[in-house]
Each structure stands twice: as structure tokens, then as C-alpha cells.
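One structure is given here, and the rest of the page talks about it.
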């Protein structure tokens, strides 16, 4: 089990390094999923089974699907890759040094204080008892957090209204607005559904029985469905 | 199990630093968001590592960080859509008109 | 027991519940006027509930182990809910002529006020970051609320990236603290810190990361880069929200954090003390020097608020002594700052028409000759920000300075005095512009400043904004003359 931990940690670190250095965004996303799965293995070895399962279901599942949807909607071509390939050396060096300094400091901290060995881990039931015992207020606050994410994403992701289209078009020539508006409209709707899906998956993970009738679950759904 | 918790924290620190590197160096907004997710994931791992010898509190914090990641990424991706509609690019340096 | 807990949580429950009810109501029928009136009502009810819960509940019940609802938290709830109330009032006439769908604005304002309130009362790492993030996530969306404008989207993205990074650093810092002290409670930290925990280096790293993250939120000097862009790009009521609600919540938490860490082992205490000292002095100079030649009024207010947070840290520094006087100084300073910054952005709202904000200082040239009352109000707000006597800003600055002098913090106190002098320059520059007569047909003016004379005509539609401004003026003078609230026990 010990070697499993070190191997999967190595995979996680390598995959993460590949994420931040890829020029192709879809490749980066795939490496990110590998990295998240490797971290899930780490969590499992540490005995945090619930966290490991949720890492797979929500992080590598729901959140990554959101990313994939957005990338597909953008329909990114070669132009993006080229743009990223050009500006490189100075920024990379500075950021590399900065991150390396932070890393060196943190590793120094860890080495100076190795801490206790990892314990036997925790039963998911213990987590549940805590969530609906002393942490019940935190669960409610988390549902409010999701609610504000939902409202914000709804407002920003919604397709352009007809009123907005006529009243103020500061940029964007009239020529491309006719062809350009059709695509975002349809896709914006798809995106809304995805967000809803992600949040519903989220709620069913740990929030479904929240006291107070699950604010995040029931509140925003009607708004989401409402035609603008 | 004889993995020192410090080793887990080192892994988390490496992930955090990598994510920070990504946030600073990448110009593509989607990759910046991914790097933010990496950083949050690193912090969540650190909480589980810190708590695994002391009851389930670490996992509770992990769950709460997960909700944060979901909320942040949903607003973030909605902003990405707006950026793309307005500038027809995902390059964050396109949206850098304000100076002074 | 349960009832008392719920009563203590009352103001927060009202705003959170109000936001959910508003969302449900919007699903049935969309009405800007209703959304605005409802949120004003909810925030007024929350404000009214604060005296009923005073002086807070002892942290005993099962519900309350995550929060410390003491008189400190309740006092800041007053600032937070009051500021959010003013933002809702300003928002109504700001968004009315715009094509943007405005109802979600109020939901997000209610949620962000709830987040700030949680942060102000946070005593557990879970509530610290949940409160902070509830505030931040609402603010991302609010900053980008005018999605018809590129600059607003830009502000949202910048805030998202920087706040996201800072919250990840905060979380890692909290994880480090948890790892080495085995405590998730903020007040529980005091034990290991006082006992001279052997693992001090991890404490340093953890505390440093948390301080950096809070510096981001407060816009302290090396971490201030987002502030001017977000203030400029956001809609004016949202800039007011960032300047008042967000700053008040973060400062309330900063004081709690300082109260714990500054009583720790000598090493931790010195580290935190000198860290805060550097942040304070750097913020004062950076904010004021960058504001000196700033032509954009919203950026100018942003730089001024960076400097103000630096001033306020002067009263946070002696928090080790735990003197109630220093806490009162911080509270009064944040109260005065909230009133002044809300008033200043309210004037920006009132001077804007048909969705075009009067951002440029030149837009205000000769305002006094066209709209004398508005110019007078704006002057008062600027004078309060500059700390001129008879305004709330003066008393706030006086208390902070007195706190510094009482604790023999000579260096930052001298810096505060020097910076107040520097600050006068640019406040007076704007004031001078207000009272200058407009030159007829100046040829060097570009087409961008679309006829400011037409822009700043008095308009009958801004009745609510004007009434709000009048109320703020009354508060400004009242707090400037009668420092009754400064002696609240806390």
C-alpha cells in the first residue's frame, strides 16, 4: 500500500505538470483528469474512502464534464494553440522561479516537521455524523454557496436577450452579429443544463437531506427553467 | 500504514505550486481555471492528510472545498463564455484594457 | 437553548432566507421594483434584528460552534447589512435604464452580505472559507453584472482569477495550521500558540499564507493589483459593495486573526506584527501615491480605499493588548469608511445617466454650477475620506491615530499623518474640478467625453438615489459629531 501511494503521487505530480505545460487545451484537460484520479488513489490509500469516491464522482466527473462542455462549445481551433506557443520564455522563467520558491519553502516546512504518521482513516459514517451534527451550519452555508454560484452562472451564461441586443451593442460589427448570435444562443442553453446537472449531482452527493429543505436544490430550479 | 503525513503534505505542496505556476503563466482562461482547480484540489488533499489521524474533520473540509470548487468553476466558465462572445478569444490578455 | 441559538443567528437567517424567497418569487413573476423593495425590506429587518440579539450569544449550543456571535460580530453585521441596504437602494435607479436583467443583482447582494456576515463572525476554518467564498463567488458575478460591457467582464475575470488564487492559498494555509495544531477553531489556535508549540515554522508558513490571502481581500499593498480594475470595471453600486461590505467582513476577520496570533509565542507575534506593519505602511504609500495623478474617479476611490485599509491596520497592530479601545477604533474607522465610500459611489451613480457612468474626473468639471446639491454631497464625502473635521472620516482617523499613539507605534502613526497630507492633494484636486467653471468649447477635448454638460443635468428620475445620498449625509455628519457608536462595548 505504501508503494501505491508513492507511485500514484508521482503520477499525480507528473500529470499536473503536463496540464500546465500543454498547448492543446483538450490534452491538458485529459491530463487533469489523470491527475485527479491519481489523487483519488492517494486519498483511498490514506483511508479517506468517501473523499476518494467524491473526488472521482464530482471532480473528475461533474466538474470536468463542465470543462469539456465549454471547450466543445468554443470549438477551439489551431489558432488558440499557435497563440499560446509564441509568448513563452520570460513569463515562464519568472513564474517558474516564483512557484519554485513557494514549493521549496513549503517542502522545507514539511521536512522540518514530519508530523504524525497517517492514521487508520475514517469511516464515511463518521463524516456523515459530523456533517449533520456540529457542521450542519456549514452544510447550509455550502448550499448557499452553490446557490450563489448557480445564480451567477445563470446570469452570466444566459444567451443575450433581445432587449440587450437592440439597446446596446458597443462592439461587434452588425455583420457578424447575425451569424455569431445563433451559435451562442443554442449553446448557452446546453451550458445551463450542464450546470444544473453538476449542481444536482453535487446536492445528491452530500446535501440532499439538508435541514431546511435544501435551499440549493429547490430554490434555483424554477429560475433556471424560466424563459428569458 | 507507515506513510508519514508530511509526505502527503509534500505532494499537496507540489500540486499547489504547480497550480500557481499555471495560473501565472498560462494566458488561456480555461487553463487558468484548470490551474485554480489544481490549487483547490491540493488544499483539499492537505486537509485530508492533516486530519486523517484525528477523526473525520479533514474529510468534512474536503467536502466543503469540493462545493467551493463547483461554485467557483460554474461562475468561472460562465465568464469564459462571456469573454469568448465579446472578444472571440480565450486569451486573458485580450481583456486587459484597464490601466493606470 | 435551540431558540436562543436561532435568535442569535436571526439577522443572518433573515438575509439568507430573504434571498431564497426572492429567488422563488422571481420564478413566478419578474419585477425589478419588487426585487428591490423586497431586498431593502429584508436588509432593514436584518438590521432591526441586530439590537434584539445584542450582545450576542455565548458559543454554547450545537448550532453555534462554528460561529462566534459576539458583540464584535454584531457590530460589523450592522455595517454590512446597512451598506448592502444602501447598495440595493442605489442599484434600483442605476439598473432601471439598463438593458441588463436586474433582478439577480439583489439576490447576489443578499447572498454576498450573508457571506460577509459569516466571515465577520467566523470562528472555525469551515466558516472562514465558506463565508469568504460566499462573498467572493457572489462578487465575481456582480463585478461582471453588466455583461453588455467588455470592461465589466474584464473586471469579473480579474477578480475571479485573483480571488480564486488567494482563496486556494488561504485554504492551504488553514490546512497547514490544522496539520500542526490539530485545531480547526480559530480560538482553539490560541492554545498551541500560547503554549509555544514546537512546530513554529509550520505555524509561520500557515499564518503567512492566511495573511496573504486576507491581504488580497482587503486590497493591501503588494496584493492590491486587482482593486483598481475591479472598482473601475464593476457597475458603480457593485464597486460600493466591494468597498464597504467586503472590506468590513474581511477586516472583522483580520482583527480576530490578529487577536489570536498577536498573543502567541514571541516568534509568531513578531512575525505577524512586522508583517502587518509592512503591509500597513506599504498600503498607505502605494494607495496615495498612485491616486495622485489618477484621472478616473473610480480608480481614484479604489486607490484611496487601499490607503484607508492601511490606515485601519494601525489600530489592528496593537490588538495583542486586546484593549477594547483599539477594537472600537477599528469598528468606527470601518463604519466611517463605509459611509463615505458608499456616498462617493452614490454620487457617481447620481451623476451617471442612461447607463454611461461618469467615470472621468473631467466629467465632473463644473458640477457645482449645474447640480450644486450633488456637488456639495460629493464634496462632503471626499472631505470625509480625506479626514476633515466634522465628518465621520475625521473621527475614524482620529481614533485610529489615538490608538497608534497610545500604543507608541510611532512609525506607522507618522506615516499616517504624512499620508493624510498626500491624500489631501488628490481629494482637493477633485474638489477643485467640481467647483471650476466649465470652459466653453475647449477644442482639445476629445469626443470621448460626450458633452459632460448634457450628461450631468439634474434628472427627476433619480429621486431614490438622492434620498439615499441625503440619508448618508445625515449619517456622515451625525457620526462626525456624535461618536455614540464608538463606545459600544466590544
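Protein chains in written order, with our numbering: chain A, 1238 to 1465; chain B, 3 to 102; chain C, -2 to 487. Built from N, CA and C at the ideal position, the CB exists for glycine as well.
Three-state class that DSSP yields for residue i in the structure shown
| i | result |
| --- | --- |
| residue 181 (chain C) | coil |
| residue 292 (chain C) | coil |
| residue 488 (chain C) | Any question about residue 488 (chain C) goes unanswered here, given that chain C covers just -2 to 487. |
| residue 93 (chain B) | strand |
| residue 1419 (chain A) | Summary for residue 1419 (chain A): the model assigns pLDDT 37, below 50, so the residue's position carries little reliability; its value from the coordinates is reported in the next sentence. Reduced to three states, the DSSP call for residue 1419 (chain A) is helix. |
| residue 305 (chain C) | helix |
| residue 221 (chain C) | coil |
| residue 99 (chain C) | coil |
| residue 298 (chain C) | helix |
| residue 237 (chain C) | helix |
| residue 1285 (chain A) | strand |
| residue 444 (chain C) | Unreliable placement is indicated for residue 444 (chain C), whose pLDDT of 41 sits below 50; no coordinate value is reported for it. |
Residues near residue i in its chain [Cβ-Cβ closer than 7 Å; skip 5 each side]
| i | result |
| --- | --- |
| residue 186 (chain C) | 174, 178, 180 and 257 |
| residue 1401 (chain A) | Only weak support exists for where residue 1401 (chain A) lies, its pLDDT of 42 falling under 50; the coordinates are left without a value. |
| residue 29 (chain B) | 93, 94 and 95 |
| residue 136 (chain C) | 109, 156, 239 and 243 |
| residue 44 (chain B) | 14, 17, 18 and 21 |
| residue 96 (chain C) | 145 |
| residue 1259 (chain A) | 1265 and 1268 |
Cutoff 6 Å; reference residue i; Cβ partners in own chain excluding five residues on either side
| i | result |
| --- | --- |
| residue 240 (chain C) | 302 and 338 |
| residue 112 (chain C) | 128, 131 and 132 |
| residue 1406 (chain A) | Residue confidence for residue 1406 (chain A) is low, a pLDDT of 38 falling below 50, so the modelled location carries little weight; the figure read from the coordinates is stated next. For residue 1406 (chain A), where only same-chain residues beyond five positions count, there are no Cβ hits under 6 Å. |
| residue 237 (chain C) | 84, 339 and 342 |
| residue 420 (chain C) | 285 and 383 |
| residue 1239 (chain A) | none |
| residue 171 (chain C) | 122 |
| residue 249 (chain C) | 73 and 117 |
| residue 266 (chain C) | 259 |
| residue 81 (chain C) | 40, 106, 110 and 242 |
Where the alpha helix (DSSP H) through residue i begins and ends
| i | result |
| --- | --- |
| residue 1377 (chain A) | 1373 to 1394 |
| residue 378 (chain C) | 369 to 383 |
| residue 324 (chain C) | 321 to 348 |
| residue 244 (chain C) | 244 to 258 |
| residue 1273 (chain A) | 1262 to 1282 |
| residue 416 (chain C) | 407 to 432 |
| residue 82 (chain C) | 68 to 92 |
| residue 37 (chain C) | 29 to 50 |
| residue 1240 (chain A) | 1239 to 1258 |
| residue 400 (chain C) | 389 to 403 |
| residue 1311 (chain A) | 1301 to 1311 |
| residue 484 (chain C) | Here residue 484 (chain C) belongs to no alpha helix (DSSP H), and DSSP marks it neither H nor E. |
| residue 361 (chain C) | Segment: none, residue 361 (chain C) is in no alpha helix (DSSP H) and carries neither H nor E. |
| residue 146 (chain C) | It is not in any alpha helix (DSSP H) - residue 146 (chain C) carries neither H nor E in the DSSP assignment. |
| residue 1365 (chain A) | 1361 to 1368 |
| residue 468 (chain C) | 460 to 478 |
Neighbourhood of residue i by C-beta, 8 Å cutoff - its chain only, sequence neighbours within 5 removed
| i | result |
| --- | --- |
| residue 151 (chain C) | 226 and 230 |
Closer than 8 Å to chain E by CB, residue i
| i | result |
| --- | --- |
| residue 37 (chain B) | Of the chains in the structure shown, none is chain E; the protein chains are A, B and C. |
With a threshold of 8 Å, are at least 3 pairs of Cβ atoms found where one atom belongs to the stretch 87 to 99 of chain C and the other to the stretch 117 to 128 of chain C? no
At least three beta-carbon pairs within less than 8 Å, the stretch 163 to 171 of chain C to the stretch 76 to 89 of chain B: no
Per the contact definition of three or more C-beta pairs closer than 8 Å, is the stretch 388 to 397 of chain C in contact with the stretch 345 to 356 of chain C? no
Contained alpha helix (DSSP H) runs [length at least 4] in the stretch 3 to 82 of chain B, N- to C-terminal order: 7 to 27 and 31 to 53
Three or more C-beta pairs under 8 Å: does that hold for the stretch 201 to 219 of chain C against the stretch 143 to 153 of chain C? no
Could you check whether the stretch 465 to 482 of chain C touches the stretch 370 to 381 of chain C, counting it as contact only if at least three pairs of C-beta atoms, one from each stretch, sit closer than 8 Å? yes
At least 3 beta-carbon pairs within less than 8 Å: the stretch 304 to 320 of chain C vs the stretch 394 to 409 of chain C: yes
Do the stretch 3 to 20 of chain B and the stretch 42 to 52 of chain B make contact, defined as three or more Cβ pairs closer than 8 Å? yes
Say whether the stretch 1247 to 1260 of chain A touches the stretch 1275 to 1282 of chain A, bearing in mind that this needs 3 or more beta-carbon pairs closer than 8 Å, one atom from each stretch. yes
How do the stretch 17 to 24 of chain C and the stretch 59 to 71 of chain B stand: do at least 3 beta-carbon pairs fall below 8 Å, yes or no? no
When you compare the stretch 266 to 285 of chain C with the stretch 318 to 330 of chain C, are there three or more beta-carbon pairs, one atom per stretch, that lie closer than 8 Å? no
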